[in-house]
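Below is one structure, written out as structure tokens; comments come after it.
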Amino acid sequence: MEYNTQRTKLKITDYGRNVVKLIEFAKTVEDRDKRNKIADIIINVMSQVNATAKDCVDYKHKLWDHLMILSNYELDVDCPYQINKDDTTVNFTPKQLKYKNHKIKYRHYGKNMEAIIDKTVEYPEGEEKTCLVESIAHQLKRSYLTWNIDTVDDNLIYQHLEELSQNKLKLSETFELKKTREYLPQPQVEKKVAAQSKTKKKAKAQPQPNSNKAKKKKQSKK
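Take -12 as the starting number for the sequence shown in this note's numbering and just add one per residue.
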């Protein structure tokens, strides 16, 4: 059995090892006309194996470039394109993605909510800022419920608002958050109620140990 670890490393993995074997076979064909026909067949196979190549401009030219690379430029055929070895040297190692080092304090609220809170802090005091702070509080609870639908403490939402705003945003003493069901879509509310009622029915259906003992005592007295 031949393992991949024992095989030669593929320069381009998109086309697979069988295409490479076809190219190696084409290199052994002595008749030039026959070799050209085999090269055309291999190009057609490569276009089917790597369908995404068709999305590129001049994808046929790209396929011939890859054919030359896979053959180590040793396949002597009549290529329909001018191929320069220096131009076809491709680095197939993807570039490392750069991620922003922005640390989110509470991921269930998200980065955008932190940006909104920072912007609201800069607002001048007044009715508009008060409405914004109240809207933020409602959104915090709504976002929290998407993460934990069963329990949410309003005091925890107030605490998170103070932490995220660095104690710069305050809610009025008369402000109150809505009840949990008012933040949830109706299907979620119905699903939660159905689950709770199902749990209650199961609890009622289970025999109580004390009641069974009481029944046995009554039967023994009779």
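We put the beta carbon where it would ideally sit given N, CA and C, even for glycine. Owing to the predicted nature of the structure, the values given are computational and were not obtained by experimental measurement.
Arg4 and Ile10 have their C-alpha atoms spaced approximately 10 Å apart.
Between Arg129 and Tyr170, the C-beta spacing is below 8 Å. Taken through DSSP and simplified to helix, strand or coil, Ser58 comes out as coil. The beta carbons of Leu50 and Leu62 sit about 13 Å from each other, so the pair does not count as a contact at 8 Å. A residue is called buried when at least 16 other Cβ atoms come within 10 angstroms of its Cβ; Asp52 meets this threshold and is buried. According to the DSSP assignment, Arg(-6) belongs to no alpha helix (DSSP H), since it is labelled neither H nor E.
Pairing Thr133 with Ile123 gives a Cβ-Cβ distance that is not under 8 Å. With respect to Val7, Val36 sits apart: the two C-beta atoms are not nearer than 8 Å. Between the alpha carbons of His95 and Gln146 lies a gap of roughly 15 Å.
Counting only the Cα atoms, Leu84 lies some 30 Å from Asn59. For secondary structure counted as the alpha helix (DSSP H) over 4 or more consecutive residues, the stretch 92 to 169 holds these complete runs in sequence order: 98 to 108, 114 to 134 and 141 to 151.
Around Ile91, the same chain offers Gly97, Lys98 and Glu101 as residues with beta carbons nearer than 8 Å, after the five sequence neighbours per side are excluded. The three-state secondary structure of Glu17, taken from DSSP, is coil. One Cα belongs to Asn154, the other to Lys(-4), and the distance between them is close to 58 Å.
In chain order, Ile104, Thr107, Val108, Val120, Ile123, Leu148 and Glu149 place their CB closer than 8 Å to the CB of Leu156, counting only its own chain and leaving out the 5 sequence neighbours on each side. When Val64, Cys118 and Phe162 are compared, the shortest CA-CA separation from Glu17 is found for Val64.
Exclusion of the five residues before and after Ile(-1) leaves His53, Ile56, Leu57 and Phe79 as the residues of its chain whose Cβ lies within less than 7 Å of its Cβ.
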